[in-house]
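Undergrad: Here's a structure for you.
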Amino acid sequence: MQRTLVLLKPDCVQRRLIGDVLSRFESKGLHIVAMKLLQVTPELSKQHYAEHVEKPFYSSLEEFITSAPVVAIALEGLEVIRVVRDMLGATNGLQAAPGTLRGDYSSSRQMNLVHASDSEESANRELDLYFNADEFCDYSLVL
Ligand code: CMP
């Protein structure tokens, strides 16, 4: 069983799409084990996007990711890191396939609705950035 960090980005929150996106993950059978609404600070943005800090688009990315709250979610499931990345589609909403979240809801490279960890190493690092150990709920689904 794997865990991954999903962020519903400011555009998702501003467009009132939280419910629609959560519903897609729930319908897929993924297990929400932690979730919160929070404001990303410039410091957290630099930690989260450490690999992009030197890139030309970083200042615009930081402005965007700190512009409104995000919803941080820890999802658990078999192969959940790959499954969620497949559900998101390509980074650029204009190139994301129809049926994916970005393909259905985004027409932007930056405002692409949802972030998800791309590897086990990133998932562990990103889950640690957004959640304390005592914020994860351990429960079994009975239905
Ligand atoms: P995400 O999956 O959160 O990972 C890094 C983010 O940077 C990405 O989604 C986009 O929001 C943003 N991004 C990636 N490439 C570019 C780019 N070329 N220009 C602007 N934003 C980008």
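Just so you know, we're using the working numbering here: the sequence shown kicks off at 498 and counts up by one.
Cβ atoms here follow ideal geometry from the backbone N, Cα and C, with glycine treated the same way.
1. Should Q511 and I578 be called a contact, given that it needs their Cβ atoms to be closer than 8 Å?
2. With distances taken between CB atoms, is the gap from I515 to V580 smaller than 8 Å?
3. Are there any heavy atoms of the ligand CMP lying less than 7 Å away from the beta-carbon of R606, as far as the coordinates show?
4. Here's the rule I'm using: 16 or more other beta-carbon atoms within 10 Å means buried, otherwise exposed. How should Q638 be labelled?
5. What's the call for A613, buried or exposed, on a 16-neighbour Cβ count within 10 Å?
6. Can you tell me the Cα-Cα spacing of L585 and P539, whole angstroms?
7. Cα-Cα, which of G574, E632, N629 is closest to S524?
8. DSSP three-state call for V568: helix, strand or coil?
9. Do the CB positions of L624 and C509 come within less than 8 Å of each other?
TA: This is what the structure holds:
1. No. Outside cutoff.
2. Taking 8 Å as the Cβ cut-off, I515 and V580 do not qualify as a contacting pair.
3. Yes, the ligand CMP has a heavy atom inside 7 Å of this Cβ.
4. In the sequence on display, residue 638 carries Leu and not Gln. When all chains shown are included, L638 counts as exposed.
5. Answer is buried; the Cβ neighbour count reaches 16.
6. Going from the Cα of L585 to the Cα of P539 covers about 25 Å.
7. Of G574, E632, N629, the residue nearest in Cα terms is G574.
8. Strand, per DSSP.
9. At a Cβ-Cβ threshold of 8 Å, L624 and C509 do not count as neighbours.
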